[in-house]
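The structure appears right after this line, and notes come after that.
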Amino acid sequence: MTSYPFSDTAIATALRSTPPKKQADQKPGFSDLGLCVEILHALNVAGYTEPTAVQQRVIPAALAGHDLLVSSPTGSGKTAAFILPAIQRFAQTQHSNSAAPSERTRTPHRMQPARPALLVLTPTRELALQVTNAAATYGKRIKRLRTVSVLGGVPYRKQLELLAQQPDIVVATPGRLLDHLERSRIDLSELSMLVLDEADRMLDMGFIDAIKTIVAATPSSRQTLLFSATLDARIGALTQRLLKSPERIEVAHRPEQRDKIDQSIHWVDDRAHKDRLLTHLLSDTLLDQAIVFTATKSGANVLANLLCDAGFVSAALHGDLPQSARNRTLRALRERRVRVLVATDVAARGIDVPGITHVFNYDLPKFAEDYVHRIGRTGRAGRSGTAISLAHHGEMAIVRRIERLTRKTLPVRTIEGFEPRRAPSALAPRNPSVYRPSARTGAGARPDPRTFARRSSPRTLSVGAAHTRKSASQSKARAARSY
Ligand SMILES: Nc1ncnc2c1ncn2[C@@H]1O[C@H](COP(=O)(O)OP(=O)(O)OP(=O)(O)O)[C@@H](O)[C@H]1O
Ligand SMILES: [Mg+2]
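Going by this note's numbering, 1800 is the number at position 374 of the sequence shown; the sequence numbering is gapless.
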């Protein structure tokens, strides 16, 4: 877990959407949230001095036992918001059971199914591993707390050995968890807390059947927490079946935080133009590390090779690579041995690598909410970042959907020597008067006085809003997508 000087970023202050109950000059600290000394110590070691806004609101509500539906911006600390109360609960149970340890604590056995108390489901293996690491970091000083990941791409034998340890926390991707459920290697009848991280993704058509089966194996007494940076109207109907009288917690960007990610579009004529422009943009001296998103796995391979040939230390990440190679690549990125990661949407959600200063949409995402998650790989935890989309003129519709979702006009920029060939008239703005040049231009770019969306005030992505209602065909396309 990477720590950083919290005073620089002050995300707890910057992202706070409601004033704390304490006096204005007193910020609530972790010790005000009902966490035990072992957890407070681990947070201190991790360099966390103050809870972020979402942590301030979620931790007490979760400890009080409420079901929660939480939306909070990318990089705002949602992981600790759900892991910390779970660990706290475990520590309390351990304390009260210390005189008489449970049967499963005393006799771990290979043939006994694992009976976790907390289950976290994530859409990707990489995110599951990251959440497992976070739980290990925050729970380091809690005796007998065992956390394991259950994911595809890992040999069964190894996983059975992990499950035989009788973990208290299981972090899983749905497919492999289902396998273990069917083989009675996991028993969820003692589950006390279920978390769906990236809940909107977990409840869309690609995962929903697996989630229903998993939920059916859990007791109705469980507490259920749903988290995402993008929760919309579609999730509403499904949550009625999953959650009991849920409390909704919505944490918005504060105004000064909203523009921490400098977003822009460059129009391109064709792939060759895109490649030339991308290699130029990657030479920005302000760029530390970057993720370049492509639409396809083969596209990621081709582009990673092209960038390597152009002298950038690059690697591809997508679902066709063996899991060991995927893990190696992500480790190399975290250890700064890879500068440019070329990835499909497998890296779009949840992945936290502090060195990522730039995100490029080499191919635009199919769905507007994926844009929010992709660009959220930079500008995390109060840092700033740059997100540049390379769009073809035929992609106006998705650009407009992104602008509608984010309620943000994406400034169009051009760079001398890399201008699109198409005449400006063909790119006529809908409403030219709305263009407002950004203060940051980066990489020698200059603002282009054209825009492609109506101006509207930024707002929170909130539960119940109807801004991303999807057609049936879009939902089907979503079910079929593979990273
Ligand atoms: N209280 C805190 N103080 C300092 N750093 C923190 C704090 N809470 C979380 N962080 C750090 O902030 C970063 C982002 O946290 P996290 O990955 O949980 O964000 P997230 O809200 O889940 O984002 P996403 O929506 O992209 O998944 C991590 O590097 C984490 O270590
Ligand atoms: Mg997250």
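Backbone N, C-alpha and C fix where the C-beta goes; we use that ideal spot for every residue, glycine too. In this text the structure is predicted, and so the values were computed from the model without any measurement.
How would you label residue 1662, buried or exposed, when you count the other beta carbons within 10 angstroms and need 16 or more for buried?
Of the other Cβ atoms in all chains shown, fewer than 16 fall within 10 Å of the Cβ of residue 1662; this residue is therefore exposed.
Please state whether DSSP places residue 1736 in a helix, a strand or coil.
In the structure shown, residue 1736 sits in coil (DSSP, three-state: anything other than H, G, I, E or B).
Per-residue DSSP class, three states only, for residue 1456:
The DSSP-derived three-state label of residue 1456 is helix.
What first and last residue would you give for the beta strand (DSSP E) that runs through residue 1677?
Here residue 1677 belongs to no beta strand (DSSP E), and DSSP marks it neither H nor E.
Just to confirm, are residue 1692 and residue 1703 a CB contact at a threshold of 8 Å?
A contact, by the Cβ cut-off of 8 Å.
Contacts around residue 1456, its chain only, beta-carbon distance under 6 Å, and the 5 residues preceding and following it disregarded:
Beyond the five residues adjoining it in sequence on each side, residue 1456 comes within less than 6 Å, by CB distance, of 1466, 1469 and 1477 in the same chain, given in chain order.
Is residue 1842 near ligand 1, judged by its Cβ being under 7 Å from some heavy atom?
Relative to ligand 1, even the nearest heavy atom lies 7 Å or more away from the CB of residue 1842.
Rounded straight-line distance, which links the Cα of residue 1643 to that of residue 1615
Each residue's Cα considered, the two are about 7 Å apart.
Quick one: Cα of residue 1839 to Cα of residue 1660, how far?
If you take the alpha carbons of residue 1839 and residue 1660, they lie about 34 Å apart.
With distances taken between CB atoms, is the gap from residue 1597 to residue 1548 smaller than 8 Å?
Cβ atoms of residue 1597 and residue 1548: closer than 8 Å.
Between which residues of its own chain and residue 1555 is the CB-CB distance below 6 Å, once the five residues before and five after are set aside?
Correct list, in chain order: 1575.
Just verifying my parser: in three-state terms, what is the DSSP assignment at residue 1522?
The answer is helix: DSSP assigns residue 1522 an H, G or I state.
Against chain C, does residue 1635 count as a neighbour if the rule is that its beta carbon must be under 8 Å from one of theirs?
The structure shown contains no chain C; it holds only a single protein chain.
Is residue 1804 helix, strand or coil when you go by DSSP?
In the displayed model, residue 1804 falls within coil according to three-state DSSP, outside both helix and strand.
Beta bridge counterpart(s) of residue 1559 as assigned by DSSP
None; residue 1559 has no bridge partner.
Distance between residue 1847 and residue 1474 (C-alpha atoms, nearest Å)
Straight through space, the alpha carbons of residue 1847 and residue 1474 are spaced by roughly 50 Å.
Taking 7 Å as the cut-off, is the CB of residue 1623 close to at least one heavy atom of ligand 2?
A distance criterion of 7 Å places the beta-carbon of residue 1623 in contact range of ligand 2, judged by its closest non-hydrogen atom.
Residue 1522: buried (16+ other C-beta within 10 angstroms of its C-beta) or exposed?
Under this definition residue 1522 is an exposed residue.
Between residue 1612 and residue 1539, which are expected to be in contact by the criterion C-beta below 8 Å, what is the C-beta distance as a whole number of angstroms?
Contact holds; Cβ gap of about 6 Å.
Which of the three DSSP states, helix, strand or coil, is assigned to residue 1506?
Helix.
Restricting to Cα atoms, I'd like to know which of 1794, 1779 and 1828 is closest to residue 1811.
Of 1794, 1779 and 1828, the residue nearest in Cα terms is 1779.
Would DSSP call residue 1623 helix, strand or coil?
If DSSP states are grouped into helix, strand and coil, residue 1623 belongs with the strands.
Residue span of the alpha helix (DSSP H) that contains residue 1489, given as start and end
Run containing residue 1489: 1479 to 1489, per the alpha helix (DSSP H) assignment.
Check whether residue 1723 and residue 1770 have beta carbons under 8 Å apart:
By the CB criterion at 8 Å, residue 1723 and residue 1770 fall inside the cutoff.
Mind pulling the beta strand (DSSP E) runs of 3 or more residues that sit fully within the region 1703 to 1747?
Correct list: 1715 to 1719 and 1740 to 1743.
Using 7 Å as the cut-off, classify the Cβ of residue 1505 as near or not near the heavy atoms of ligand 2, replying yes or no.
Checking the Cβ of residue 1505 against ligand 2 gives yes.
Less than 8 Å between the beta carbons of residue 1496 and residue 1633, yes or no?
Result no, Cβ atoms of residue 1496 and residue 1633 do not sit closer than 8 Å.
Could you check what DSSP says for residue 1908 in three-state terms: helix, strand or coil?
In the displayed model, residue 1908 falls within coil according to three-state DSSP, outside both helix and strand.
Does any heavy atom of ligand 1 sit closer than 7 Å to the C-beta of residue 1514?
Outside the cutoff, so no.
Would you say residue 1805 touches ligand 2, meaning its beta carbon is less than 7 Å from a heavy atom?
No; taking the cut-off as 7 Å, the Cβ of residue 1805 has no heavy atom of ligand 2 nearer than that.
Which stretch, first to last residue, makes up the beta strand (DSSP E) that contains residue 1814?
1811 to 1818 is the span of the beta strand (DSSP E), which, as asked, contains residue 1814.
In three-state terms, what does DSSP make of residue 1538?
In the structure shown, residue 1538 sits in coil (DSSP, three-state: anything other than H, G, I, E or B).
Buried or exposed: which applies to residue 1854, given that a residue is buried once 16 or more other Cβ atoms fall within 10 Å of its Cβ?
Reliability of the predicted coordinates at residue 1854 is poor, the pLDDT of 47 falling under 50, and no value is obtained from them.
Is there contact here, the region 1669 to 1676 with the region 1793 to 1802, by at least three beta-carbon pairs under 8 Å?
They do not touch, by the three-pair rule.
What are the start and end residues of the alpha helix (DSSP H) that includes residue 1590?
It spans 1582 to 1590 - the alpha helix (DSSP H) in which residue 1590 sits, taken as one unbroken run.
Which of the three DSSP states is assigned to residue 1655 in this structure?
Three-state DSSP puts residue 1655 in coil, outside helix and strand.
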